[in-house]
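So the number in the working numbering is just where the residue sits in the sequence shown, counting from 1, plus 46.
This report refers to the structure that appears directly beneath it.
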Amino acid sequence: MSNTDYRNLLSLHGQVFVVLGAGQGIGEEVVRALSQCGARVVCVDSVLERAQHVASANNGIALAADVTKPEEMDRVFSEASKVQGSGPLGVVNVVGMVLRNELASEDTGSWKRQFELVLDHVWLTLHFGAKAMKDRGGNMVFIGSIAGHVVRSGAALAYASAKAGLHHLAKGAAQELAPSGIRVNVVAPGLTRTPRLVANNSAEYWKQESSRIPMGRPGETSDVASAVLYLASPLAAYVTGNVIAVDGGSSLGAVGSFKLAAS
47 MSNTDYRNLL SLHGQVFVVL GAGQGIGEEV VRALSQCGAR VVCVDSVLER AQHVASANNG
107 IALAADVTKP EEMDRVFSEA SKVQGSGPLG VVNVVGMVLR NELASEDTGS WKRQFELVLD
167 HVWLTLHFGA KAMKDRGGNM VFIGSIAGHV VRSGAALAYA SAKAGLHHLA KGAAQELAPS
227 GIRVNVVAPG LTRTPRLVAN NSAEYWKQES SRIPMGRPGE TSDVASAVLY LASPLAAYVT
287 GNVIAVDGGS SLGAVGSFKL AAS
């Protein structure tokens, strides 16, 4: 019979986590979840005031940085490595927003910008994060999307393609980094009620889209943060290279046509 204390495996006491995109929505909820389980969280956001607000509410450390720039990411992980803590280093990257882009659009810049906002900084996180985790191990969790493995076209094509790239990049990195004691996983949310999406979409939109989800409702930021917490904790010590859908069953088979949320 196992003597495993599963409650203890959810404890993050003494550990340091870096949350990229911590200032609002899913990022803010992830910081709250990690902090409640005992972690010291470095809250990184492009807007210092947002980072400070979240950090002050969760006994964290605020940093402002542009995660798309290598020198900025190098600075983030250099600062995080100075934070006193024990055990492996944790990273959660929440950054990534939708830019509408049609195939017929003449705006090629928006296509490139979409990949910069969703995929390019993931490579930077893996690169600098792995360096920071050398000799101490760690784990990284990225926020992907069910759009990365369920076909999306029209205005969501660029975003879905970038998220699919994120999923593949994370799996490949997981295989490469496993011998170094570094785990890499992805949480892929479906439609989620983030503050930005709630503010930009009507009650009718949420009602209509909820009817297409097998569980009958959109996700909450807490649903996503719960999955992140599992992957970031010792409960998932033997889990790497996985993409976990948090979508109420949406990716099992959509009911009717998908409508992209306004953001």
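A virtual CB, placed ideally from N, CA and C, is assigned to each residue, including glycine.
Taking the Cα positions, TYR52 is about 43 Å away from ARG146. Annotation: the continuous alpha helix (DSSP H) that includes VAL270 extends over 267–278. Taking C-beta atoms as the reference points, ARG78 and ASN105 fail to come closer than 8 Å. By the Cβ criterion, the region 248–267 is not in contact with the region 128–148, since fewer than three pairs of Cβ atoms, one from each stretch, lie closer than 8 Å. For VAL93, the closest of VAL87, ARG86 and ALA101 by C-alpha to C-alpha distance is ALA101. Note that the region 118–134 touches the region 54–68; at least 3 beta-carbon pairs, one per stretch, sit closer than 8 Å.
For VAL62, the closest alpha carbon among the candidates ALA204, ALA278, GLY236 and SER257 is that of ALA278. The C-alpha of LEU281 lies about 23 Å from the C-alpha of GLY295. By the C-beta criterion, the region 188–198 is judged not to be in contact with the region 244–259, since fewer than 3 inter-stretch pairs fall below 8 Å. By the neighbour-count criterion, in which 16 or more other beta carbons inside 10 Å mark a residue as buried, ASN185 falls on the buried side. Under the rule that a run must span 3 or more residues, the beta strand (DSSP E) segments found entirely inside the region 184–219 read 184–189. Measuring C-alpha to C-alpha distances from ALA206 to each of LEU109, PRO235 and GLY299 identifies PRO235 as the nearest. Judged by beta-carbon spacing, LEU170 lies within the 8 Å limit of PRO116, meaning their Cβ atoms are closer than that value.
In terms of Cβ geometry, ARG242 and GLY60 do not form a close pair [threshold 8 Å]. Membership of VAL137 in the beta strand (DSSP E) is indicated by the continuous run 135–139.
Between VAL285 and ASN231, the CB-CB gap stays under 8 Å. With contacts defined by Cβ atoms closer than 8 Å, ALA97 and ALA85 do not form a contacting pair.
It is roughly 28 Å from the alpha-carbon of ASN49 to the alpha-carbon of ILE290.
Secondary structure note for PRO241: its alpha helix (DSSP H) is the uninterrupted segment 241–246.
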